[in-house]
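Have a look at the structure below, then the notes.
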Amino acid sequence: MAENIHPIFDKSLKSSDKEVLLNQKGIVIWMIGLSGSGKSTLATGLENMLHQKNVYTMLLDGDNLRTGVNNNLGFSEEDRTENIRRAAETAKLFANNGVVTICSFISPTKEIREMSSKIIGDKYYEVFVSCPLEICEERDVKGLYAKARRGEIKNFTGIDSPFVEPDNSQLVLKTDQLSLEESLDILFNNVIKKVKE
Numbered sequence: 016m017a018e019n020i021h022p023i024f025d026k027s028l029k030s031s032d033k034e035v036l037l038n039q040k041g042i043v044i045w046m047i048g049l050s051g052s053g054k055s056t057l058a059t060g061l062e063n064m065l066h067q068k069n070v071y072t073m074l075l076d077g078d079n080l081r082t083g084v085n086n087n088l089g090f091s092e093e094d095r096t097e098n099i100r101r102a103a104e105t106a107k108l109f110a111n112n113g114v115v116t117i118c119s120f121i122s123p124t125k126e127i128r129e130m131s132s133k134i135i136g137d138k139y140y141e142v143f144v145s146c147p148l149e150i151c152e153e154r155d156v157k158g159l160y161a162k163a164r165r166g167e168i169k170n171f172t173g174i175d176s177p178f179v180e181p182d183n184s185q186l187v188l189k190t191d192q193l194s195l196e197e198s199l200d201i202l203f204n205n206v207i208k209k210v211k212e
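In case it helps, our numbering puts the sequence shown at residues 16 to 212.
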C-alpha cells in the first residue's frame, strides 16, 4: 500500500507563503491538564482575544473532535493515543497553513506529549494548565469526576488513570492561584509575541 502513496509536500506552497498572506505565524498552542483545570475556558477565551487582534485561529477541543474526526474511538489506552495522534496531525495541517491552532487535550502522559511535539515540530507550544485534582473535582462542571468515583466511568484521568505532570512545558498557568482574567492575560501576552513577531 505504501508504495502507492506519493505525497506532494515538496510541490505545495510553503508555510511561510501562507504566513505572509495572513500576516501571522502559524503555531500550535497545545493546552494540557486535568479535566476541570480550565483548558477549554482558556482556549475559547484566547481564541476570542486573538480574533479581536485580527489573528486567524482554529480551536480543536477534545470533546469536539470526538464527535467527528475521532468518533470511532473509545477510551482504551490505544484509542486515547490514536485520538491524540490524529489531533496532532490535524493541528499540524492548520499551523502549516499559517493558522494559530489552539488545542485543548488532557494529554496525560509524557509519551503522548512527546508524540504530539514530534508530529507538530517547531510550531509546538505547550501550555500546562495546572490545577490540583481536588480543585478540579470541586469544579466538576461536566459531572465526570462524580461518575468516575461511582465507577460509572472507567480509566478516568486523575481517578483510576494517571496524569503525569510535565516538567518542560513552555508555559505553566496555575489556575487554582490565578483568576481567569490573570491566566488569560498571561496566555495571550505569551502567544501574541510568537504569532506577530
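Quick reminder that beta carbons are idealized off the backbone N, C-alpha and C, glycines included.
In this text, all values refer to a predicted model and were calculated from it rather than measured experimentally.
What are the boundary residues of the beta strand (DSSP E) that includes residue i?
{"i": "Cys146", "result": "Note, Cys146: premise wrong, no beta strand (DSSP E); not H, not E."}
{"i": "Val115", "result": "115–119"}
{"i": "Val156", "result": "No beta strand (DSSP E) holds Val156; DSSP gives it neither H nor E."}
{"i": "Leu74", "result": "72–76"}
{"i": "Ile47", "result": "42–47"}
When the distance is taken between beta carbons, is residue j closer than 8 Å to residue i?
{"i": "Ser52", "j": "Thr172", "result": "no"}
{"i": "Cys118", "j": "Ile44", "result": "yes"}
{"i": "Ser30", "j": "Asn111", "result": "yes"}
{"i": "Phe143", "j": "Ser184", "result": "yes"}
{"i": "Arg100", "j": "Val84", "result": "no"}
{"i": "Gly158", "j": "Leu36", "result": "no"}
{"i": "Met46", "j": "Lys33", "result": "no"}
{"i": "Asp76", "j": "Ala103", "result": "no"}
{"i": "Leu74", "j": "Arg81", "result": "no"}
{"i": "Ser131", "j": "Ser122", "result": "yes"}
{"i": "Ala106", "j": "Thr116", "result": "yes"}
In the DSSP assignment, find the alpha helix (DSSP H) that holds residue i and state where it starts and stops.
{"i": "Asp32", "result": "30–37"}
{"i": "Leu108", "result": "92–110"}
{"i": "Lys133", "result": "125–135"}
{"i": "Leu188", "result": "Not the alpha helix (DSSP H): Leu188 falls in the beta strand (DSSP E), residues 186–189."}
{"i": "Ile174", "result": "Element bounds for Ile174: n/a, residue is neither H nor E."}
{"i": "Ile207", "result": "195–210"}
{"i": "Thr59", "result": "54–67"}
From residue i to residue j, what distance separates their C-alpha atoms?
{"i": "Gly216", "j": "Arg165", "result": "Since the first residue shown for the chain is 16 and the last is 212, residue 216 is missing from the structure and cannot be characterised."}
{"i": "Ser27", "j": "Pro147", "result": "45 Å"}
{"i": "Ile23", "j": "Lys169", "result": "Any reading at Ile23 must be qualified, since the residue scores a pLDDT of 49, below 50, and its modelled position is unreliable; the value itself is stated next. Distance between the alpha carbons of Ile23 and Lys169 is about 42 Å."}
{"i": "Val187", "j": "Tyr140", "result": "11 Å"}
{"i": "Glu149", "j": "Ser176", "result": "15 Å"}
{"i": "Leu108", "j": "Thr72", "result": "13 Å"}
{"i": "Thr124", "j": "Lys68", "result": "34 Å"}
{"i": "Lys209", "j": "Arg128", "result": "20 Å"}
{"i": "Asn98", "j": "Ser50", "result": "16 Å"}
{"i": "Glu153", "j": "Asn86", "result": "29 Å"}
{"i": "Glu167", "j": "Gly48", "result": "22 Å"}
{"i": "Ala163", "j": "Asn79", "result": "21 Å"}
Take the Cβ of residue i as the centre, count every other Cβ of all protein chains shown within 10 Å, and call the residue buried at 16 or more, exposed below.
{"i": "Glu196", "result": "exposed"}
{"i": "Glu126", "result": "exposed"}
{"i": "Ala11", "result": "Residue 11 is absent from the model: the chain starts at 16 and stops at 212."}
{"i": "Gly136", "result": "exposed"}
{"i": "Val206", "result": "buried"}
{"i": "Ser194", "result": "exposed"}
{"i": "Val156", "result": "exposed"}
{"i": "Val179", "result": "exposed"}
With 8 Å set as the bound, which would you pick, yes or no: does the beta-carbon of residue i sit closer than that to a beta-carbon of chain B?
{"i": "Ser132", "result": "Any reference to chain B falls outside this structure, which holds one protein chain only."}
- Within the chosen definition, does the segment 50–67 reach the segment 193–200 through at least 3 CB pairs nearer than 8 Å? yes
- Item | Validate contact between the segment 35–42 and the segment 85–93 using beta carbons, cut 8 Å, 3 pairs | no
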